[in-house]
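Report on the following structure.
In our numbering, the protein residues as written are 88 to 205.
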């Protein structure tokens with residue numbers, strides 16, 4: 088099976104599918120159950136035309152969970168940053184960009200958040 092292009096649209100779709108399964112209580116612990124993986128795979132194919140395996144979905148779950156944990160740390164503990172009223176609009180105490188750049192240099196895995204809209 089070919090690798091999935093996790094562009095912004097496909098990532099948004101899979102994230103919405105993950106959220107739906109969590110709300111439907113198909114996550115008994117830290118990961119989704121088999122029913123959730125099957126439903127996500129089918130609905131992702133319906134929406135994108137892309138077939139996916141359980142391992143691809145699980146890998147994306149793990150990656151997004153890791154990025155979310157990093158984002159929480161960055162947003163809440165390190166920068167004093169927050170949200171404006173609109174989605175995708177960051178605020179920061181102290182100018183924003185220099186602090187974010189400092190965190191990338193210091194080894195936090197924040198680079199993914201510096202150059203893209205969230």
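Cβ coordinates follow ideal geometry from the N, Cα and C atoms, glycine included.
If you look at residue 144, you'll find it in the alpha helix (DSSP H) that goes 141-159. DSSP places residue 97 in the helix class (H, G or I) of the three-state scheme. Burial is judged here by how many other beta carbons sit within 10 angstroms of a residue's own beta carbon; residue 108 has at least 16 and is buried. Counting only residues of its own chain and dropping the five nearest sequence neighbours on each side, residue 160 has no CB closer than 6 Å to any other CB. The continuous alpha helix (DSSP H) containing residue 127 extends over residues 121-135.
Assignment of residue 90 by DSSP, reduced to helix, strand and coil, places it in the coil class. The three-state secondary structure of residue 103, taken from DSSP, is helix. By the neighbour-count definition (other C-beta atoms within 10 Å, threshold 16), residue 155 is an exposed residue.
Excluding the 5 residues flanking it on each side, residue 94 has no same chain C-beta neighbour closer than 7 Å. With respect to the 7 Å criterion, residue 91 and residue 137 are classified as neighbours on the basis of their beta carbons.
Sequence-distant partners of residue 141 (beyond 5 residues in either direction) whose C-beta falls short of 6 Å from its own C-beta, in its chain, are 124. Rounded to the nearest whole angstrom, the CA to CA distance from residue 96 to residue 106 is 15 Å.
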